[in-house]
Structure formats: C-alpha cells, structure tokens
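Protein sequences, first through last, are from chains A and B.
With the first letter of the first sequence counted as 1, position 92 gets the number 92 in the numbering used here; the numbers rise by one all the way through.
With the first letter of the second sequence counted as 1, position 202 gets the number 448 in the numbering used here; the numbers rise by one all the way through.
Remarks on the structure that follows.
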Amino acid sequence: MSALLEVSGVSVTFDGFRAINNLSISIGEPELRAVIGPNGAGKTTFMDIVTGKTKPDEGRVLWGETSMNLLGMSESAIARAGIGRKFQKPTVFEDQTVRENLAMALRNKRGPFDVLFYKPNRHARARIAELAEEIGLSDHLPRRAGDLSHGQKQWLEIGMLLAQDPRLLLVDEPAAGMTPAEREHTTELLTRAAQTRAVVVIEHDMEFIRRLNCKVTVLHEGSVLAEGSLDHVTQNQQVIDVYLGR
Amino acid sequence: MAKVTLAPRKGFLSENPSVLRFLGLLTVFTLIVTALSEGFGAGIVSTSFLKVLGMTLCLCLIAVAMDVVWGYCGILSLGHFAFFGLGGYGIGMWLMYARTEGIVRESLANAPIPATEGEVRDAIATQIFSVVGSTELPFIWGFAHSLTLQLLMIVLVPGLLALVFGWLAFRSRVTGVYLSILTQAMTLALSLYLFQNDTGLRGNNGLSGLQNIPGLLHLPQSTIALWFFWASALALGLGYLLFAWLVSGKFGSVVRAIRDNESRVRFLGYHVESYKLVVFTVTAIVSAIAGALYYPQAGIINPAEIAPITSIYLAVWVAIGGRGRLYGAVIGAATVSLLSSWFTGGGAPNIDLGFYEIVWTDWWLVLLGLGFVAVTLFFPKGIGGLFDYLVRKP
Ligand SMILES: Nc1ncnc2c1ncn2[C@@H]1O[C@H](COP(=O)(O)OP(=O)(O)OP(=O)(O)O)[C@@H](O)[C@H]1O
Ligand SMILES: [Mg+2]
C-alpha cells in the first residue's frame, strides 16, 4: 500500500478562525478510511482543500506516484486527475433527468469540443444502466432529478461518483437520510469500491463506521486527534471527551 | 456550417421534432410573405414592410443567440448588440466603399488623363470621410474593397472581441450581476469610441446608404428587399438549427448544469470557463451575422445602435418570450419588435381621454415596461411557457 494522497502540515483560517490546524493525513491505494469528529471539526473543509475548493494558507497536498502538487491545480483539473467527491448536502442537477446526471459524470473526455461531438455508444448506455441498477434508480432514469426523494438524491450522487471512476472517492455523510437497509447497501458499495481504490468516508453514525471495518481518523479543531482501528480510537480518553461522550 | 457539424449525430431532427416544426413554420411564413410581396407577387406586403419583416427575422436570430448564452448557459450578457453592430459596420464598410468606388470611377472615366489607382483611392476617401473632415482612408478600411475579406472580418472581429473579453472575464470568475455590468461597459465603451469622429467609422454620422447594393443598382429595391428577406430567413433557420443542436445532447446538458450550479460542474472535471467561452463566442459570431444582414435592410448604422440600452431590450425580448426555449426567444423578439415599430411608427391610434391624450410614441416604453413586469410576475416562463401550457392541456 503506497500513499496516494499525502496531506501534510495544512492550515486554513477563515476570518481569523483556524478551521484546519497543521493537519496531516495520508491515504493509501487501495484503502478505506473513515473520518469522524464533532461538528465543526473541519472534516468537510479537509475535503474542500483536497478538491481545490478552498486554498490553504500553508501546507502541502501531494497526489499520486509523481507527487503532483494539488494546491496549484483548478477544481476541474483535480477532478480529472482522479478525485471524485460526494457533497454533504446532496447536489445533483435538479432540472435534468437521472440519466443526464449520470451521463455527465460518466468518465469520458471533458473538453467542450469532445463533448459537443460526443455520441453515447452501447458501452456508455450499458454502464449507465448498470450504475442505475446499483443505486436502485433503474426505474427512474427518465425522471427529473429534482423530483427524487432526499435518499434517492443521495443515491444518485453516489452513482455519479462511481460513474466518474475516480482513484480517490471523498464521500461526505453518505448515509444521512437513508433507511437502515439503504445504509447497509451503501456500506457494501463503499467497501467494494475500496478494494481497488482509495475511499474516504465522513460519517457521524458509529454503527455505520463499525460496519465499514476500517482505519478511523478522528478530527478535532482542525487536526488529527487519534488514528487507528475503531476500537482503538473509541478507547482514547480525549476522543471520548470531545466526541463520544457528548 | 450547420451541415458539417450535424453529421456526427444522426437522428437529431427526429429526436427534436420542435426544431422541424419551427423550420416548417419559418418556410411557410417566408413563402407566404414572398407571394404577397411587391417584388414577386400580389404586392399586398409593401417593400418597406418587407424590410421590417426581414429585419425582424435578424432580431429573432440574435434573440435566439441571447437565449443560448443567457437562458441555457446562465450568462446574462448585456452586450450582445455590440457584436450585432460590429457585424453591421463590417458589411457597411464594403457597401459604402464599393458603391463610392463605382461613382468615383464613373466620374473619372471622362477625365482627359486616366486616373491612377492611388487617385481613385484618394477620391473614394474624400467622398466617404469629408463629413468628418478627413480625406485619408483609415487603415481599418484596408479590406473594405474586397467583399470576401470584409465578410471574413464580420466573423473574425466580433469573434475575437468576444474571445478576448470572455477569456478575461470568465478566467477571473466574474459572474452574475458583475458580469452583466462588465458587458454593459463593453458595449458602452465601444459605442462611445465610435461616436468620435477620428475613429475611422464616421463618428455619429455612421455608415449610410447601405440599402444600395453595389453591382445591383439596376435592380429595384423591391427585389433587393426580397433577397435580403430570404437571406435573413435562411440565416434564422440555420442559426436555429445550429443552436438547437448545440443545446441538445451532452453539451447542452453540461451548459445547463453550469447555469444551475457551476461549481458542482467543476468537481465533475469540466473546465467551466472553456464552455462559457465557446458559448459566448459562438453566440457573438451569430449575432454579428444577424447584424450584417440587418443593416443593409435598415439602410444606416450609427453608434447609437450599440448603445447599452439596445442590449437590455434584447434581454427583455428573451424574458418576455421565455428563456431556456429557443422558440420563446423568437416569439419574444418578433412580438415586441413588431409591436414596437407599430407603436413608435405612429401605427397605433392615439387615445384621447379628454383631459389627456395618450400618444403612443411617448407611452410605448411605459407599456413595454409594464408588460415586462407582468410577464416576470405572472408568467415567469414567458409567452413560450404559456404556449406549452396551452398545448399540453387536452
Ligand atoms: N467558507 C467558510 N467560511 C467561513 N468559515 C467556514 C467556511 N467553511 C467552514 N467554515 C468553518 O470551519 C469550521 C469547520 O467546518 P467543517 O464544515 O469543515 O466542519 P465539519 O467537520 O464538516 O462539521 P459537520 O460535521 O457539521 O459537517 C466550522 O466552524 C465552519 O463554520
Ligand atoms: Mg461537514
């Protein structure tokens, strides 16, 4: 397992408030990693930094075998380099159909002229059908995404993430608004994806984390408080004080 | 152009029957007007009204372009009339130059010593530029002698302006109201620049006599007007086809996604700025072509034509017609511009209220403003949306 993503010594300040404080995290490939921590710990901001949405004040974010510096890259270039993201609040394109949403995410050339002359082939159609099956939206392909339920939008966004076929999946609270059965299905999807790629999951639901059965990083006030197996971190007194004991 | 680009997606027209319906209606309209025209048929449609109809088709074309850039891509450009005007100036330069050249050569033909080419050029320059106190041919008229080169300029100059302006604006991620203001500033700057006498485009005199087509002076205006009407209809048809193809399929999907949530599109790996630039530039070029067909029918172009307000009207037409649907833009532009010329041209009878007389030339803008407010409040999808609603009802 070699490091695919290497975040080191990163700090971010919002109007004088230090949201991320000298944060260092390393993710291997393949790996499944859970990130937990109290509200405002900086979990989402960590993903914002990796995906180029937020530029840190200091620190380094390196990617891949060639240790590409992600900090100098635009959001779209980072995504093309192989980092996909699911947002905390489901963000799909509500005015477009489920099929159009998936087709846009599907891994293909992204340049305007490539897209202009793009013609969906049999392979692309089959892949969309397969993804729709996986996220339980087979019967909803022609539906407007805005008409889906909250849980279905979550699924659609997970489907879009898988469609991108990224090397690193950053998944922010995927289980929110899902039924227990759906949560189980999500766990299964994520663990399966993590067999061949890196997956980072932020969740508050401890039962969900337990089922992921992976290394856990606990964030607090913008830096790593503890790291290790779930049993290991849940026995940590500091973790109990700031997070579990609330 | 449209034919080539259409090749990769067969079945485009069968998947988009509304495009076919629009083209059918446009053809029928063109045939009927032709049959009623002075130059060809019954003479019920006068030549001056034929020109109004031809110009309206050009306005519909720029409205469709505006709908693509605003309604589909979410860029509220309030500067597309700058490109329209540049197209008009582009064709106007050739029209004026070539016609003046004809006159000069004719008058010099009787001179005892044959005039040199340099003398011919000087005489043309004097003829065109004496109104602004100059006898020099400005360097920007360097291609004006050649129709081919000048046609190329009609595409290249507005295209390059849009490319550079768009690149600067989109790269700095200027969006929303700020971008609209920036486009207003662009068209205002261009218009103020052209108002000056020493810019080589005759200041506020503009270019005139554009209805006289060099080489075709023996033909009556009724015939010329018909030709331009046909050309305008053809341009609208092709432009509509091009844009309908552009906004369909995956490209259209990405463009609409940019309109609704551009940062999300970035996280999918699309370089949003490039898409905006393509849309902005293509619509600018089509606007320029619309302008190049409009002004020979109008007969005159001057810098007031690209005053900031004209581009705002364009947005109003599209909003009234219904943005995000191409035929909506056509309906809006045709309805409002025809009504406008009816009201302001004295077509509408004034209403005497006894204590006050409503003179439509003064009150038309108030009416338009009220109409705009009413549409925004009660029919946010515009006339086009209303149309949908009626059609869907059993
Ligand atoms: N763009 C921003 N501007 C100002 N403050 C911000 C911004 N983004 C995040 N913050 C602040 O940074 C802190 C960390 O936020 P973040 O969203 O990363 O927390 P989180 O760990 O994801 O919390 P939650 O579990 O509630 O999602 C919070 O106090 C938040 O208010
Ligand atoms: Mg969060």
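Built from N, CA and C at the ideal position, the CB exists for glycine as well.
These numbers come from a predicted model, not from an experiment.
Secondary structure at Ala34/A: strand, using DSSP grouped into helix, strand and coil. Look at Phe93/A: its C-beta is under 9 Å from a C-beta on chain B. Around the CB of Ser478/B, 16 or more other CB atoms lie within 10 Å, so the residue is classed as buried.
In terms of beta-carbon proximity, Thr44/A stays away from the interface with chain B, with every pair separated by 9 Å or more.
Between ligand 2 and Gln442/B, a heavy atom-to-CB distance of less than 8 Å is absent. Residue pairing of Met301/B in beta bridges, as defined by DSSP: absent, with no partner found. In this structure, Arg167/A lies away from Gly28/A, with their beta-carbon atoms at least 9 Å apart.
At a cut-off of 8 Å, the beta-carbon of Gln88/A counts as near ligand 1: some heavy atom of the ligand is closer than that. Closest in alpha carbon position to Lys297/B, among Val310/B, Asp313/B, Tyr573/B and Thr280/B, is Thr280/B.
With a threshold of 8 Å, the Cβ atom of Ile49/A does not count as near ligand 2, since no heavy atom of the ligand is closer than that. Taking a 10 Å sphere around the C-beta of Arg125/A, we find fewer than 16 other C-beta atoms and assign the residue as exposed. Distance check between Leu116/A and each of His123/A, Met104/A and Arg122/A places Met104/A closest, using alpha-carbon atoms only. Residues of the same chain with a CB within less than 7 Å of the CB of Arg345/B, apart from the 5 flanking positions on each side, are Gly455, Asn458 and Pro460 in chain order.
Arg99/A and Ile128/A have their C-alpha atoms roughly 7 Å apart. With contacts defined by Cβ atoms closer than 9 Å, Thr590/B and Trp563/B do not form a contacting pair. Segment contact: the segment 283-295 of chain B against the segment 480-494 of chain B, fewer than three CB-CB distances shorter than 8 Å; contact not assigned. Between the alpha carbons of Gly600/B and Thr607/B lies a distance of about 18 Å.
Contacts between Asn507/B and chain A, judged by CB atoms closer than 8 Å, involve Thr91 and Phe93 in chain order. Approximately 10 Å separates the beta-carbon atoms of Leu156/A and Thr97/A; this is outside 8 Å, ruling out the contact. By the Cβ neighbour-count rule, Ile359/B is exposed, with fewer than 16 other Cβ atoms within 10 Å of its own.
By the C-beta criterion, the segment 210-218 of chain A is judged to be in contact with the segment 33-47 of chain A, since at least 3 inter-stretch pairs fall below 8 Å. At a beta-carbon threshold of 7 Å, the residues of chain A lying near Val524/B are Pro112, ordered along the chain. Here Phe17/A carries a strand assignment [DSSP, helix/strand/coil].
In this chain, the beta strand (DSSP E) harbouring Ser223/A covers Ser223 to Gly228. In the three-state reduction of the DSSP assignment, Thr273/B falls in the helix class, which pools H, G and I. Apart from the 5 residues on each side of it in sequence, Ala163/A sits with its Cβ closer than 6 Å to the Cβ of Leu102, Ala105, Leu106 and Leu131 in its chain, given in chain order.
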